[in-house]
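**Q** Be aware that the first sequence starts at 8, since it is given in this note's numbering, and climbs by one per residue. What follows is a structure written as structure tokens; I'll ask about it next.
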Amino acid sequence: MLIATFNVNSIRQRLAHLMRWLKSREPDVVCLQELKCLDEAFPREEIEALGYRVETFGQKTFNGVAILSRHGVEIEHRGLPGFPDEQARYIEGVVSLPQGHRSGAVLRIAGVYFPNGNPVGSPKFEYKRAFMAALTRHAEGLLALEEPLIIAGDFNVIPQPQDARFPENWRGDALFQSESRADFRRLCALGFTDAIRATSDDARLYSFWDYQAGAWPRDNGIRIDHLLLSPLAADRLMEAGIDRELRAEEKPSDHVPVWCRLRG
DNA sequence: ATGTCGCGACCATCGCGA
8 MLIATFNVNS
18 IRQRLAHLMR
28 WLKSREPDVV
38 CLQELKCLDE
48 AFPREEIEAL
58 GYRVETFGQK
68 TFNGVAILSR
78 HGVEIEHRGL
88 PGFPDEQARY
98 IEGVVSLPQG
108 HRSGAVLRIA
118 GVYFPNGNPV
128 GSPKFEYKRA
138 FMAALTRHAE
148 GLLALEEPLI
158 IAGDFNVIPQ
168 PQDARFPENW
178 RGDALFQSES
188 RADFRRLCAL
198 GFTDAIRATS
208 DDARLYSFWD
218 YQAGAWPRDN
228 GIRIDHLLLS
238 PLAADRLMEA
248 GIDRELRAEE
258 KPSDHVPVWC
268 RLRG
């Protein structure tokens, strides 16, 4: 059972990349972020042709999230409960696992696209913090369900200095601000496992490289796309990885897919 | 030191968001 997250930075610009990657990696469930289009403009037929159910929560120009699933999926929320928002940043559903799956009958999946929050001290930063507070509150309720649950997406938070090649460059940035990191720790402390950190001590595990200033050739990356596993999901965690080779393709997204494999 | 994309308004560059 392979679950992944991928910020595509425009689904219409990245469809070919996504299709190639879906065919090679064959994930069961994928959370997408930054669709940058309305639901009716989403290229759903192409992805359905690969055997995926497609559930979108789109928005014109900015934001937009989706869940792709090779198994049945029932969407429970488009938009973060308890957080009235114009922006399409949250989608949550329940995936019906194949018969006999050892993780039980269902996997709950929440796809998130966090506000960037820059500049620090602006209303945008307060909006980011409010989004995290609302997600943390909602996640408490989800954990009480005692289901396998994964919150997957672009959190726009660099959790630790080792999650950036040059952490000093991010001082003062909303992605590395102490409040952002504390908010992220508070969410994790409810009982979530960071799939990448739980399975690897490797250096340079990044999921984003800026388009500017040669960030990719210099490997000036950061890790901001995360998979947070509830205890029942973490019990089944086998391995996790980052498909960094997509960043070397022609016209790539500035993010790459991050995935984890659950036993069963 | 700088270096880039994607979108939409609106036609050709520009402002915004990242």
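Cβ coordinates follow ideal geometry from the N, Cα and C atoms, glycine included. Note that the structure is predicted; figures quoted are calculated from it, not measured.
For threonine 143, collect the residues of the same chain with a Cβ closer than 8 angstroms to its Cβ; drop the 5 residues on either side in sequence, then sort them by chain order.
**A** Counting only Cβ-Cβ distances below 8 angstroms, and skipping sequence neighbours, we find Asp190, Arg193, Leu194, Leu197.
**Q** Decide if proline 91 is buried, meaning its Cβ has at least 16 other Cβ atoms within 10 Å, or exposed.
**A** That one is exposed.
**Q** Please report the straight-line C-alpha distance between glycine 271 and threonine 200, rounded to a whole angstrom.
**A** Looking at the two C-alpha atoms, the distance is approximately 18 angstroms.
**Q** Looking only at its own chain, which residues have a Cβ that is under 6 angstroms from the Cβ of alanine 11, when we skip the five neighbours before and after it?
**A** So the qualifying residues of the chain are Pro34, Val37, Pro264, Trp266.
**Q** How big is the Cα-Cα spacing for phenylalanine 121 and serine 129?
**A** Straight-line Cα distance between these residues: approximately 16 angstroms.
**Q** Would you please state the rounded distance, in angstroms, between the beta carbons of leucine 253 and histidine 24? I believe it to be under 8 angstroms.
**A** The Cβ separation is near 6 angstroms, so the contact holds.
**Q** Note down, in chain order, each residue of its chain lying with its Cβ closer than 6 angstroms to the Cβ of glutamate 171, except the 5 sequence neighbours on either side.
**A** Before going on, a small fix: residue 171 reads as alanine here, not glutamate. Cβ within range, chain order: Ile165, Trp177, Ile229.
**Q** From which residue to which residue does the beta strand (DSSP E) around glycine 118 run?
**A** Start and end: 113-120.
**Q** Of all the options Glu186, Phe215, Ala146, which has the alpha carbon lying nearest to the alpha carbon of proline 238?
**A** Selected option, being the one with the closest Cα: Ala146.
**Q** Measure the C-alpha to C-alpha separation of glutamine 184 and glutamine 106 and round it to an integer number of angstroms.
**A** Rounded to the nearest angstrom, the two C-alpha atoms are 44 angstroms apart.
**Q** Name the DSSP beta bridge partners of glycine 228, please?
**A** Glycine 228 pairs with Trp216.
**Q** What residue range does the beta strand (DSSP E) around isoleucine 82 cover?
**A** 80-85 is the extent of the beta strand (DSSP E) around isoleucine 82.
**Q** Any chance the stretch 64-74 sits against the stretch 36-50, with 3 or more Cβ pairs inside 8 angstroms?
**A** The stretch 64-74 vs the stretch 36-50: in contact.
**Q** Identify every run of the alpha helix (DSSP H) within the stretch 123-192, keeping only runs that are complete inside it and at least 4 residues long; order them along the chain.
**A** Listed in chain order, the complete alpha helix (DSSP H) runs (minimum 4 residues) inside the stretch 123-192 are 130-150.
**Q** What is the rounded straight-line gap between the Cα of glutamate 154 and the Cα of methionine 8?
**A** In a straight line, the C-alpha of glutamate 154 is about 16 angstroms away from that of methionine 8.
**Q** Specify, as a first and last residue, the run of the alpha helix (DSSP H) that arginine 51 falls within.
**A** First-last of the alpha helix (DSSP H) with arginine 51: 51-55.
**Q** Excluding the five sequence neighbours on either side, which residues of its own chain have a C-beta within less than 7 angstroms of the C-beta of glutamate 256, listed in chain order?
**A** So the qualifying residues of the chain are His24.
**Q** Apply the 10 Å Cβ neighbour rule to aspartate 209 and answer buried if 16 or more other Cβ atoms are within range, or exposed otherwise.
**A** Per the 10 Å Cβ criterion, exposed.
**Q** Could you spell out where the beta strand (DSSP E) holding arginine 268 opens and where it closes?
**A** From DSSP, the beta strand (DSSP E) with arginine 268 extends over 265-269.
**Q** Is the CB-CB distance between leucine 235 and leucine 269 below 9 angstroms?
**A** No, Cβ-Cβ distance for leucine 235 and leucine 269 is not below 9 angstroms.
**Q** Alpha carbons only, please: which of Ala73, Asp261, Lys135, Ile203 is nearest the one belonging to glycine 221?
**A** That would be Asp261, whose Cα lies nearest to the Cα of glycine 221.
**Q** Got a sec, what are the start and stop residues for the beta strand (DSSP E) methionine 245 sits in?
**A** Where methionine 245 is concerned, the enclosing beta strand (DSSP E) stretches over 244-249.
**Q** Thinking C-beta only, is valine 61 closer than 9 angstroms to glycine 79?
**A** No, the Cβ-Cβ distance between glycine 79 and valine 61 is not below 9 angstroms.
**Q** Does DSSP put serine 31 in a helix, in a strand, or in coil?
**A** If DSSP states are grouped into helix, strand and coil, serine 31 belongs with the helices.
**Q** Taking just the CA atoms, how far does glutamine 169 sit from arginine 51?
**A** Near 37 angstroms, if we compare the C-alpha coordinates of glutamine 169 and arginine 51.
**Q** On the DSSP letters alone, give me the boundaries of the alpha helix (DSSP H) that threonine 206 sits inside.
**A** From DSSP, the alpha helix (DSSP H) with threonine 206 extends over 202-206.
**Q** Mapping the DSSP letters down to three states, classify cysteine 44 as helix, strand or coil.
**A** Here cysteine 44 sits in coil by DSSP.
**Q** Check each candidate in Gly124, Arg115, Ala181 and name the one with the smallest Cα separation from alanine 151.
**A** Of the candidates Gly124, Arg115, Ala181, the one whose C-alpha sits nearest the C-alpha of alanine 151 is Arg115.
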